[in-house]
DNA sequence: GATAATCCGGAACAATCGTTCCTTAATATT
DNA sequence: AATATTAAGGAACGATTGTTCCGGATTATC
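Protein chains in written order, with this note's numbering: chain A, 1 to 191; chain B, 1 to 191.
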């Protein structure tokens, strides 16, 4: 009976994610979204509800696609896992040609405490990141790849701070060599 | 002949700074500013021009008040200067009870490349910060307080990334002990 | 006290904001 | 072919956006 959907929900959501990612929540208008998502205004409201709901879905999509992944736990060497994670992080920054930055970090500054739902997602992402790195570092210490004179959790905090700060610097300075140097200094900090 | 100003320009600008700092550029309306600055709408336009000009002044004010200061160069021990800088940074974060974060970092994510004037100010701030830390680290190496096996500039990048990332984390997690631990790990990274 | 500069209150502007609604077109299932 | 569901097009809503303008109140200087 029903007509098949003429647009793919997932694809439209992907485009919304990119728009919010690039311009932020407040600066992105529904008109921008209608234009950028390639679907009708009515379809947008029917499919995603209001602007805020659409934004939450877009942010959740980003977290799923670009957020912490268990992939890095699968390396035999924990240190190799961490090194790959840092390298991938830098690659992601370098390939961000239009300087969108990290959607999560963008939201962290845009919504201080004004939006509880957004805040919960952001804290969840940070928590996931911390758990991942803590596991990796603990594993590296058990394998004696890493010095075990420091708490894995505290080293994880240190590493996350460094990576996120690196992302911020990259928004103002595009010099891949400098990023790589920061990355290598961060790795030395946890060995 | 002229009536004396009934409000102090500096004080009004200070309040505008706090408003933009807390909510960002796009989310702060002129009505918010009229209410928050405590002056009349007409006076606001007469004194500061349009919204964008007011914002630039507010941001410049922040940079002057909270940006990199040569104060830390005056310590006899460079390491003590750096340590004090890091401690002050952490104190500033902790005392930020309503989670405004860093105005500069907020702007870095809000304006990717859309505003050249803002971007110039942000890059200037980063550059000043780098020069300050590079001087401090170089001085520390000359005084043999620091190991000189690494380039001061690269250590400065490393330190800035860590400090800025710490600020981002603090927006989601309020735990001063964790911040201090990150700070001490950062200091160890440059020794 | 007259003059001139400033501040204030508030109305008004066009433009845009997010959102809703109605009508028409299209198509997969019965 | 009839039906039901979806997408599309577009007008319209009230609210808010940034900005301008005018009239009146205030006050330091002459």
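Glycine is no exception: its CB is placed at the ideal position from the N, C-alpha and C atoms. Since the model is a prediction, treat every value here as computed from it, not as a measurement.
Contact annotation for residue 81 of chain A against chain B: no contact, minimum CB-CB distance about 20 Å [criterion: below 7 Å].
Comparing alpha carbon positions, the residue from A/26, A/160, A/35 closest to residue 52 of chain A is A/26. Taking the C-beta atoms as reference points, residue 155 of chain B is found nearer than 7 Å to residue 137 of chain B. In the structure shown, the three-state DSSP call for residue 28 of chain B is coil. Interface criterion met: the Cβ of residue 168 of chain A is under 7 Å from a Cβ in chain B. By the neighbour-count criterion, in which 16 or more other beta carbons inside 10 Å mark a residue as buried, residue 106 of chain A falls on the buried side.
Under the three-state reduction of DSSP, residue 147 of chain A is assigned to coil, being neither helix nor strand. The beta carbon of residue 37 of chain B sits closer than 6 Å to the beta carbons of 12, 15, 16 from its chain, once the five residues preceding and following it are set aside; these are given in chain order.
Contact check for residue 8 of chain A against residue 102 of chain A fails: the beta carbons are separated by 7 Å or more.
Residue 139 of chain B and residue 59 of chain B have their C-alpha atoms some 31 Å from each other. Excluding the 5 residues flanking it on each side, residue 89 of chain B has same chain C-beta neighbours closer than 6 Å at 163, in chain order. For residue 74 of chain A, the secondary structure class from DSSP, reduced to helix, strand or coil, is helix.
Taking a C-beta distance under 7 Å as the contact criterion, residue 56 of chain B and residue 172 of chain A do not qualify as a contact pair. A/174 is the residue among A/104, A/174, A/190 whose C-alpha sits nearest the C-alpha of residue 94 of chain A. As the crow flies, the alpha-carbon of residue 151 of chain A is around 34 Å from that of residue 69 of chain B. For the alpha helix (DSSP H) assignment, the uninterrupted runs of no fewer than 4 residues enclosed by the segment 94 to 137 of chain A are, from N- to C-terminal side, 103 to 110. The beta carbon of residue 76 of chain A sits no closer than 7 Å to any beta carbon of chain B. Inclusion of residue 165 of chain B and residue 67 of chain A in the CB contact set at 7 Å is not warranted, their separation being larger than that value.
Neighbours of residue 15 of chain A in chain B, taken as residues whose beta carbon is under 8 Å from its own, are absent, since the nearest beta carbon is some 18 Å off. Residues of chain B with a Cβ closer than 7 Å to the Cβ of residue 165 of chain A are, in chain order, 160, 161, 162, 163, 164, 165. The CB of residue 99 of chain A comes closer than 7 Å to the CB of 112, 113 in chain B, given here in chain order. Excluding five sequence positions before and after residue 110 of chain B, the CB atoms of its chain that fall closer than 8 Å to its own CB belong to 24, 25, 26, given in chain order. Residue environment: residue 44 of chain B is assigned as buried (16 or more neighbouring CB atoms within 10 Å of its CB, all protein chains considered). Its chain contains 59, 60, 63 as the residues whose beta carbon lies nearer than 7 Å to that of residue 121 of chain B, once the 5 sequence neighbours on both sides are disregarded; these appear in chain order. The three-state reading of DSSP puts residue 35 of chain B in helix, counting H, G and I together.
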